[in-house]
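Inspection log for the structure reproduced underneath, given as structure tokens.
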Amino acid sequence: MIIKAPIDLELTQNSGQTSQPPWKLDNNIYSDVVVADNKAVLFQVKQKENNLDFNFIGDISNKEATKKIKTIFDLDFNLNKFYKYLNNQPELADMTNFCRDLRLFLAKDKFECVISSVCSANNSIVRWTKSIDDIKKSWGNKYTYSEKDYFTFPDVSDFKNIYCDDVEEFECCSNLNNPGECINNLKSCGVGYRAPYMKKASEIFTLEMDLDDISKMSYDEAFDTMLKVPGVGPKVADCILLYGFNFRQAFPTDVWIKRIVSYLYFDGKDINVSKIREFGMEEFGDYAGYVQLYLFHYARMSGLMKKLKGM
DNA sequence: AATCAGGTAATGT
DNA sequence: ACATTACCTGAT
Numbered sequence: 143m144i145i146k147a148p149i150d151l152e153l154t155q156n157s158g159q160t161s162q163p164p165w166k167l168d169n170n171i172y173s174d175v176v177v178a179d180n181k182a183v184l185f186q187v188k189q190k191e192n193n194l195d196f197n198f199i200g201d202i203s204n205k206e207a208t209k210k211i212k213t214i215f216d217l218d219f220n221l222n223k224f225y226k227y228l229n230n231q232p233e234l235a236d237m238t239n240f241c242r243d244l245r246l247f248l249a250k251d252k253f254e255c256v257i258s259s260v261c262s263a264n265n266s267i268v269r270w271t272k273s274i275d276d277i278k279k280s281w282g283n284k285y286t287y288s289e290k291d292y293f294t295f296p297d298v299s300d301f302k303n304i305y306c307d308d309v310e311e312f313e314c315c316s317n318l319n320n321p322g323e324c325i326n327n328l329k330s331c332g333v334g335y336r337a338p339y340m341k342k343a344s345e346i347f348t349l350e351m352d353l354d355d356i357s358k359m360s361y362d363e364a365f366d367t368m369l370k371v372p373g374v375g376p377k378v379a380d381c382i383l384l385y386g387f388n389f390r391q392a393f394p395t396d397v398w399i400k401r402i403v404s405y406l407y408f409d410g411k412d413i414n415v416s417k418i419r420e421f422g423m424e425e426f427g428d429y430a431g432y433v434q435l436y437l438f439h440y441a442r443m444s445g446l447m448k449k450l451k452g453m
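Quick note on the working numbering: the first sequence kicks off at 143 and runs consecutively.
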């Protein structure tokens, strides 16, 4: 089925959005399993001209499947209108030449988005995506379609039982002789010092916080709530709120966004991250999330990033 | 060998 | 409140 809405699927998949790692790529088809209401559905999506062509295997209606794909790839967002807005801003007009048809890649699983985002902090895109894929393979549920295996992200209650590191695993497992044999833990997935943050974050969501409640909050309340989660600072909180909960007014501000915005709007002056975040939210309103996404890729693609390195 | 990767938490003023 | 600093890890 083709959904008539322009998207650059490859760009969107590989844009490092912390909702989830890129889907499994095979023969120009990106696929993954999405679980909703306890039903697993395999989605296969591919680029068809400017649009998205998709199939699915699972016990849901075409209408439900379409709705799910539209949500994950944000296909109801009006790109033309957004580009008109960008073209009227001298600082931003050039961006559309470098990331045309890039869209938000939204969470298929809010908890996965939380943990992915925590894992992405001070990390490289290749490393955190590999870590999340390792976690899925080790502790997720396995689904097999035409002899190909897919793994969902473990749910909260399973995740909180994963050992943090080799020491914790060794203490609990009497069949192991030394910590060196311990490979069934978070740290063995290459997450480094983020392992305890990720684990504590999962514990919070089983004990005192409900992911569904976040959706009902105002942006400000949700932001303050997310800051209480271990491993979640302002940047990660905004990633979670944008990619996981569809708060489009979030403006995740990392060092790059800081450098880019300083360059474009403040004559290269050094302004702290929190001020840049406030500026972005004030200036771009409900487009803040998209502007942030486009700024980052514009800088990557246009060579601006190299120029700004070290600022 | 030092530096870097889309920051955060723990200290120190 | 605001400024510094240590921190897993694998790649260059």
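The C-beta atom is built at its ideal place from N, Cα and C for all residues, glycine as well.
- Classified as buried, residue 254 has 16 or more neighbouring CB atoms from the shown chains inside 10 Å of its CB.
- Here residue 155 carries a helix assignment [DSSP, helix/strand/coil].
- Per DSSP, the beta-bridge partners of residue 185 are 174 and 198.
- The residue from 364, 443 and 296 with its alpha-carbon nearest to that of residue 340 is 296.
- Nearest to residue 155 by alpha-carbon distance, out of 435, 315 and 441, is 435.
- If you keep only unbroken alpha helix (DSSP H) runs of at least 4 residues inside the stretch 264-299, you get 267-281.
- Assignment of beta-bridge partners to residue 325 by DSSP yields no partner.
- Judged by DSSP secondary structure, residue 437 falls within the alpha helix (DSSP H) whose first and last residues are 430-444.
- One alpha carbon belongs to residue 432, the other to residue 246, and they sit about 7 Å apart.
- Shown here for residue 314: same chain residues with a beta carbon closer than 7 Å to its own, the five before and five after excluded, namely 305 in chain order.
- A direct Cα-to-Cα measurement between residue 274 and residue 388 gives close to 21 Å.
- Contact between the stretch 368-377 and the stretch 341-352 is present, with at least three C-beta pairs closer than 8 Å.
- Here DSSP, grouped into helix, strand and coil, assigns residue 205 to helix.
- Only buried fits residue 327, as 16 or more other CB atoms lie within 10 angstroms of its CB.
- Along the stretch 296-383, the beta strand (DSSP E) does not occur as any fully enclosed run of 3 or more residues.
- Assignment of residue 192 by DSSP, reduced to helix, strand and coil, places it in the coil class.
- DSSP places residue 168 within a strand segment (E or B) once states are collapsed to three.
- Minimum Cα-Cα distance from residue 413 among the listed residues 398, 426 and 427 corresponds to 398.
- Counting C-beta atoms within 10 angstroms of its own C-beta, residue 364 has 16 or more neighbours from the protein chains shown and is therefore classed as buried.
- CA-CA distance, residue 405 to residue 380, rounds to 22 Å.
- Beta-bridge annotation (DSSP): residue 145 is paired with 194.
- Counting the other CB atoms within 10 Å of its CB gives residue 309 a total below 16, which places it among the exposed residues.
- Straight across, the Cα-Cα distance linking residue 354 with residue 161 is about 16 Å.
- Residue 171 places its beta carbon 9 Å or farther from that of residue 183.
- Less than 9 Å divides the Cβ of residue 218 from the Cβ of residue 212.
- Counting only the Cα atoms, residue 235 lies some 26 Å from residue 189.
- The C-beta distance from residue 347 to residue 298 rounds to 5 Å, short enough to meet the 8 Å contact threshold.
- Just so you know, the alpha carbons of residue 277 and residue 337 end up roughly 11 Å apart.
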